[in-house]
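What follows is a single structure, written as structure tokens, with notes after it.
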Amino acid sequence: LRFAAEPLQADRELVLEAVRQNGEALRFAAEPLKADRELVLVAVRQTGFALRFVADPLKADRELVLEAVRQDGQALCFAADPLKA
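What follows is the structure, given as structure tokens:
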């Protein structure tokens, strides 16, 4: 996904398959897809560190952050401040 053309980075099905294999591929997805809750959930379930690349509003989503932290406790540092308290 890193070297894919921009239209491919915006292709939801392609990005979904990429994050199933490696959640950190979310890093190279088009910005609107980083706000796609279903797609992001797949990514953080694959690797919690993917929370780093999620759109800011979703970093405040309790369920999503919990999934990320289940995979990698250090993912909490990428959560919205209210969830860190």
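Its first residue numbered 1, the sequence shown is counted upward by one per residue in this note's numbering. In this text, a Cβ means the ideal position worked out from N, Cα and C, and glycines have one as well.
query	result
Distance between Leu-14 and Arg-52 (C-alpha atoms, nearest Å)	20 Å
Residues of its chain near Arg-2, where Cβ-Cβ distance is below 7 Å and the 5 sequence neighbours each way are ignored	Phe-28
Residue span of the alpha helix (DSSP H) that contains Glu-13, given as start and end	12-21
Three-state secondary structure (DSSP) of Arg-37	helix
Residues near Val-40 by beta carbon distance below 6 Å, same chain, minus five either side	Val-54, Leu-58
Limits of the unbroken alpha helix (DSSP H) element including Pro-82	81-84
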